[in-house]
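S.K.:
In structure tokens form, the structure reads like this:
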């Protein structure tokens, strides 16, 4: 295995994604490079108040640590405490237009002791659902994984549904996508190739959706619902998300990690959408498990 | 020990506090009673869009469970897994006027196996600091604890500073107050009396502060800073707060628990107040450990 090859891929991926997003938005992503006293560092690329993106970040980091936090591996907690190296690209984009969904993508590689493993995935969080968009996003996820066996997509789709789930709300975060972790079979090159397939597919999975929805007119009602639903995003990321907790626990750069949080969020006691509204349809038709890649 | 006496005190305390807050606000707190399939339930009293309080809740709950979550006790993790009973009053109030501070108070009693213990405290989170207010609040905390020994206030004040601390920001949540947990010495009656002293003092500690500040004029600048700082409140409550995590882990009522979250919150990348502004003074003069009860 060559971790340098992985980090080279990751920095290239970050640059390609940012370039594509800048073209979509018309604005420029700020660039903040940082180092970490314990070892390593990263490059944060961020946008706020863009024409398309109200707030978003595409982070690259490669860090070394003396003691792996437990949040870093789901399947092998016994590795907690070992010296480790971790690298990845992680992005969250919050468009201003409530008809454009929020998106998250992450690809990562860990090494601890003699072991290494890959993880990653991408998932979509719409405020107003469109079946065409859900089918497109999941179709792209399925296509990315197809070269690695037909069983990958359904397995990683299910994993995503289970992972991005707010237990205290009994509610999925969004319409899912794919998620995988602890990937180390059959060999380093195959796993690295799978991670690249996911990273390389991101723009194709997301850009057509925002291009279709960005010109839709919206008003205060849609912005209010977006702000309310963004609260769920905050709850998930701060209570459950292992990537966020790993970052905070491992002394990552707080401002870069918390770029995943939306720009403006509202909480409202026991609020529920009126039956028959587009807001109610998000819950009834989209925040439920569906086989989007097979037509939904 | 008689847990019924504690719950009777707690329901009375909730009623007294809500009555005082309704008088302050001029509006009415909504009342939601709930039960829990695993045993017990609670009464939530809530306000949104009040004249004074933009959002706030005063919750009472008494619940029984088959297995104590680890978040319930700091000092005795070995009790995790035991059957338990827990009761408490917990409140958070978010005034609309940024010159009025957010406040939190909690008093609670746990029993598991043959053991019981009390916990609680109150703490203040200003957006714009006033030394007079900080001295008043800490003075009230000190006065509440004075009958239980002169060493209590400094000990519980320090505990509060340590507990309400955002490690990932290296920043206290606010100006503190008092916090205690696992209190079971010297005997049940004394501990219960201490808990009552804290609960009974709350209105006296908080009401004079909002009465002094509620008429101060503010504009968009102050509201923006308030929304930004409220983000820290969310980060603390969802990442660190054991009360919140206990509620979510023990199958409490999510909407009641998350009444602690502010109504409207903003995140902004790497934002810092300009030197010399009132916003900068919050950080330099208030979000630092000070002996407020002894004149600051």
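Residue numbers (the numbering used here), protein chains in the order written: chain A, 607 to 902; chain B, 607 to 902.
Note that CB positions come from ideal geometry on N, CA and C, so glycine has one too.
Bear in mind that the values here come from a model prediction, so they are computed numbers and not experimental data.
1) Between A/656, A/618, A/642, which has its C-alpha nearest residue 551 of chain A's C-alpha?
2) Taking 8 Å as the cut-off, does the segment 870-887 of chain A touch the segment 855-862 of chain A (at least 3 CB pairs, one atom from each stretch)?
3) Between which residues of its own chain and residue 676 of chain B is the CB-CB distance below 7 Å, once the five residues before and five after are set aside?
4) Taking Cβ-Cβ distances shorter than 7 Å, what residues in chain A pair up with residue 566 of chain B?
5) Does DSSP classify residue 819 of chain A as helix, strand or coil?
6) Which of helix, strand or coil does DSSP assign to residue 894 of chain A?
7) For residue 707 of chain A, would you say it is in contact with chain B, using Cβ-to-Cβ distances shorter than 8 Å as the test?
8) Report the option in B/790, B/783, B/902 whose CA atom is closest to the CA atom of residue 711 of chain B.
9) So, using beta-carbon positions, are residue 781 of chain B and residue 699 of chain B closer together than 8 Å?
10) Find the nearest neighbour of residue 725 of chain A within the set A/614, A/751, A/833, A/785, judged by alpha-carbon distance.
11) Nearest to residue 688 of chain A by CA position, among A/619, A/773, A/815, A/719, is which residue?
12) Evaluate contact between the segment 788-799 of chain A and the segment 834-851 of chain A, counting only Cβ atoms and requiring at least three cross-stretch pairs below 8 Å.
13) How many angstroms separate the CA atom of residue 814 of chain B from the CA atom of residue 627 of chain B?
14) Which residues share a DSSP beta bridge with residue 903 of chain B?
15) Please confirm whether residue 624 of chain B and residue 651 of chain B have their CB atoms less than 8 Å apart.
16) Name the chain A residues whose beta carbon is nearer than 8 Å to that of residue 860 of chain B?
17) Using 8 Å as the limit for Cβ to Cβ distance, is residue 845 of chain B near chain E?
18) Note down the Cα distance separating residue 765 of chain B from residue 743 of chain B, rounded to an integer number of angstroms.
19) Looking at chain B, is there any beta carbon in it that lies within less than 8 Å of the beta carbon of residue 841 of chain A?
20) Is it buried or exposed, residue 787 of chain A, if we count other Cβ atoms within 10 angstroms and call 16 or more buried?
21) Got a sec? Which residues, its chain only, sit under 7 Å from residue 844 of chain A by beta carbon, not counting five neighbours each side?
22) Could you tell me which residues DSSP puts in a beta bridge with residue 731 of chain B?
23) Exposed or buried, what is residue 826 of chain A when buried is set at 16 or more other beta-carbons lying within 10 Å of its beta-carbon?
24) At a CB distance below 8 Å, what residues from the segment 867-899 of chain B approach chain A? Give them in sequence order.
25) Is the beta carbon of residue 642 of chain B sitting closer than 8 Å to the one on residue 898 of chain B?
26) Are the C-beta of residue 609 of chain A and some C-beta of chain B separated by less than 8 Å?
27) What residue range does the beta strand (DSSP E) around residue 786 of chain A cover?
28) Note the first and the last residue of the continuous alpha helix (DSSP H) segment covering residue 613 of chain A.
29) Which residue from A/846, A/609, A/681, A/671 puts its Cα closest to that of residue 778 of chain A?
30) Taking residue 889 of chain B as the reference, give the member of B/831, B/900, B/867 with the closest Cα.
M.R.: So, from the listed chains and residues:
1) Outside the modelled stretch of chain A, which goes from 607 to 902, sits residue 551 of chain A, for which no answer is possible.
2) no
3) The residue you call residue 676 of chain B lines up with position 70 of the second chain. Excluding residues within five positions, the ones whose Cβ falls inside 7 Å are 683, 686.
4) Because chain B spans 607 through 902 in this model, residue 566 of chain B falls outside it and cannot be assessed.
5) The sequence position of residue 819 of chain A within the first chain is 213, counting from 1. In the structure shown, residue 819 of chain A sits in a helix (DSSP, three-state: H, G or I).
6) As a first step, residue 894 of chain A is located in the first chain; it is residue number 288 there, counting from the start. Three-state result, residue 894 of chain A: coil.
7) Counted from its first residue, the first chain places residue 707 of chain A at position 101. Closer than 8 Å: no.
8) For the purposes of this step, residue 711 of chain B is identified with residue 105 of the second chain, where counting begins at 1. Per the Cα distances, B/783.
9) Numbered from 1 along the second chain, position 175 holds the residue referred to as residue 781 of chain B. Numbered from 1 along the second chain, position 93 holds the residue referred to as residue 699 of chain B. Going by C-beta atoms, residue 781 of chain B is not nearer than 8 Å to residue 699 of chain B.
10) Against the first chain, residue 725 of chain A aligns to sequence position 119. The option with the nearest alpha carbon to residue 725 of chain A is A/785.
11) For this step, residue 688 of chain A is matched to residue 82 along the first chain. Among A/619, A/773, A/815, A/719, the Cα nearest to that of residue 688 of chain A is on A/719.
12) no
13) Taking the first residue of the second chain as 1, we reach residue 814 of chain B at position 208. Taking the first residue of the second chain as 1, we reach residue 627 of chain B at position 21. Their Cα atoms are separated by approximately 12 Å.
14) Here chain B covers residues 607 to 902 and nothing more, so residue 903 of chain B does not appear.
15) On the second chain, position 18 is the one that residue 624 of chain B refers to. On the second chain, position 45 is the one that residue 651 of chain B refers to. Less than 8 Å separates the beta-carbon of residue 624 of chain B from that of residue 651 of chain B.
16) As a working note, residue 860 of chain B is residue 254 in the second chain. Those are 774, 775, listed as they occur along chain A.
17) Of the protein chains in this structure, namely A and B, none is chain E.
18) Position 159 of the second chain, counted from the start, is the residue given in the question as residue 765 of chain B. Position 137 of the second chain, counted from the start, is the residue given in the question as residue 743 of chain B. Going from the Cα of residue 765 of chain B to the Cα of residue 743 of chain B covers about 16 Å.
19) Mapped onto the first chain, residue 841 of chain A falls at position 235. Yes, its Cβ sits closer than 8 Å to a Cβ of chain B.
20) As a position in the first chain, residue 787 of chain A is number 181, starting the count at 1. With 16 or more Cβ atoms within 10 Å of its Cβ, residue 787 of chain A is classed as buried.
21) Locating residue 844 of chain A in the first chain gives position 238, where the first residue counts as 1. Take residue 844 of chain A, set aside five residues on each side of it, and the residues of its chain with a beta-carbon closer than 7 Å to its own are 850, in chain order.
22) Against the second chain, residue 731 of chain B aligns to sequence position 125. Answer by DSSP bridge pairing, in chain order: B/708.
23) Residue mapping note: residue 826 of chain A aligns to position 220 of the first chain, counting from 1. That one is exposed.
24) 867, 868, 869, 870, 871, 872, 873, 874, 875, 876
25) The sequence position of residue 642 of chain B within the second chain is 36, counting from 1. The sequence position of residue 898 of chain B within the second chain is 292, counting from 1. No, these two residues do not count as a Cβ contact at 8 Å.
26) For the purposes of this step, residue 609 of chain A is taken as the residue at position 3 of the first chain. So, not an interface residue.
27) The residue you call residue 786 of chain A lines up with position 180 of the first chain. Counting along the chain, the beta strand (DSSP E) containing residue 786 of chain A begins and ends at 782-789.
28) Position 7 of the first chain, counted from the first residue, corresponds to residue 613 of chain A. It spans 609-631 - the alpha helix (DSSP H) in which residue 613 of chain A sits, taken as one unbroken run.
29) The residue labelled residue 778 of chain A in the question sits at position 172 within the first chain. Scanning A/846, A/609, A/681, A/671 for the CA closest to the CA of residue 778 of chain A turns up A/846.
30) By 1-based counting over the second chain, the position of residue 889 of chain B is 283. If we check each option's Cα against that of residue 889 of chain B, B/831 comes out closest.
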